[in-house]
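Student: Following this note's numbering, the numbering of the sequence shown begins with 11 at its first residue and continues without gaps.
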Amino acid sequence: MNLPNYLRKKRGLLQIRKDGGWDVWNPYHSKLSAYLVAGGKNWPFKKNSKILYLGSAEGNTISYLSEICKTNSITAVEISPVAMAELLVLAKKKDNIIPCLCDAHFPEKYRIQANNPEIIYQDIAQNDQVDIFIRNCEYFKPKQAFLMLKTQSIAKRDFDIFKNTEKRLSEIFEKVESVNINKWAKGHSAYFME
Ligand SMILES: C[S@@+](CC[C@H](N)C(=O)[O-])C[C@H]1O[C@@H](n2cnc3c(N)ncnc32)[C@H](O)[C@@H]1O
């Protein structure tokens, strides 16, 4: 895949253009960066993409996406009030982040804020993370989606988990790409769907 002109790979690292120079986008801190460093082939994010981000935490990855998707919004769903308190600091500085202190099990609760998202991005390390993801995809019907799957959060053998997850995802999306990002995010696989 050709990277957009604001991203480049240099010496195995991902860099992002910032203030006329280049900043490292650390794959150990962001699974989205790890996905690209590991050879992920899809990059659906455009200037005007509307994103629903499930499991935003304090907003590390969102801080990058809010710059990339400058002219639209990112609805950030997070269940922890502690993480949300930090996200609010970021959301105050950026005008395109919509914070929602919500449980991602219940998409109807943030339907209005999410407002027909084109892309769903999920990074939630819970036993039922795949169920949460599928529920949101069936509810919002995004064009594209990313799932950052943590296998250690599901009490089964990893091989079965990957196989079952891919099977379930391919029932709702035509295209499923899986990329092993374990080197940067222990026990994780990144899935892109379209
Ligand atoms: C690994 S962190 C996300 C890191 C973030 N995506 C990043 O790259 O900057 C996972 C987050 O999911 C949140 N979470 C867990 N269960 C959730 C749920 N049911 N609904 C919403 N958020 C949830 C946790 O509180 C935690 O902040």
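Glycine included, C-beta positions come from ideal geometry on N, C-alpha and C.
Applying the 10 Å Cβ sphere with the 16-neighbour rule, what's the burial state of Thr161?
Tutor: Taking the first residue of the sequence shown as 1, we reach residue 161 at position 151. By the 10 Å Cβ count, Thr161 comes out buried.
Student: Taking 8 Å as the line, does the beta carbon of Glu187 fall inside it for any heavy atom of ligand 1?
Tutor: Taking the first residue of the sequence shown as 1, we reach residue 187 at position 177. Outside the cutoff, so no.
Student: Suppose contacts are defined by Cβ-Cβ distances below 9 Å. Is Thr175 in contact with Gln123 by that definition?
Tutor: Along the sequence shown, read from residue 1 onward, the residue named residue 175 stands at position 165. Along the sequence shown, read from residue 1 onward, the residue named residue 123 stands at position 113. For Thr175 and Gln123, no; Cβs fall outside 9 Å.
Student: Per DSSP, what kind of secondary structure is Asp141 in: helix, strand or coil?
Tutor: Walking along the sequence shown from the start, residue 141 turns up at place 131. Correct three-state label for Asp141: helix.
Student: For the stretch 107-117 against the stretch 22-42, do three or more pairs of beta-carbon atoms, one drawn from each stretch, fall closer than 8 Å, so that the two count as touching?
Tutor: With the cut-off at 8 Å, the stretch 107-117 and the stretch 22-42 do not touch.
Student: Just to confirm before moving on: does the CB-CB distance between Ile72 and Ser59 stay below 9 Å?
Tutor: Indexing the sequence shown from 1 puts residue 72 at position 62. Indexing the sequence shown from 1 puts residue 59 at position 49. No; because the gap between Cβ atoms is not below 9 Å, this pair is not in contact.
Student: Less than 9 Å separating the beta-carbons of Ala155 and Phe143?
Tutor: Translated into the one-based positions of the sequence shown, residue 155 becomes position 145. Translated into the one-based positions of the sequence shown, residue 143 becomes position 133. A contact, by the Cβ cut-off of 9 Å.
Student: According to DSSP, is Ser180 helix, strand or coil?
Tutor: Translated into the one-based positions of the sequence shown, residue 180 becomes position 170. Helix at Ser180.
Student: Distance check for Ile129 and Met158, CA to CA, integer angstroms please.
Tutor: Position 148 of the sequence shown holds residue 158. Position 119 of the sequence shown holds residue 129. One C-alpha to the other measures close to 14 Å.
Student: Looking at Glu68 and ligand 1, is the gap between the Cβ and the nearest heavy atom below 8 Å?
Tutor: Counting from 1 along the sequence shown, the entry for residue 68 is found at position 58. Checking the Cβ of Glu68 against ligand 1 gives yes.
Student: Roughly how many angstroms separate the alpha carbons of Glu88 and Met94, rounded to a whole number?
Tutor: By 1-based counting over the sequence shown, the position of residue 88 is 78. By 1-based counting over the sequence shown, the position of residue 94 is 84. Distance between the alpha carbons of Glu88 and Met94 is about 6 Å.
Student: Whose CA, out of Ser66, Leu100, Arg145, Pro54, lies closest to the CA of Met203?
Tutor: Within the sequence shown, the letter at position 193 stands for residue 203. For the residues Ser66, Leu100, Arg145, Pro54, the minimum Cα distance to Met203 belongs to Pro54.
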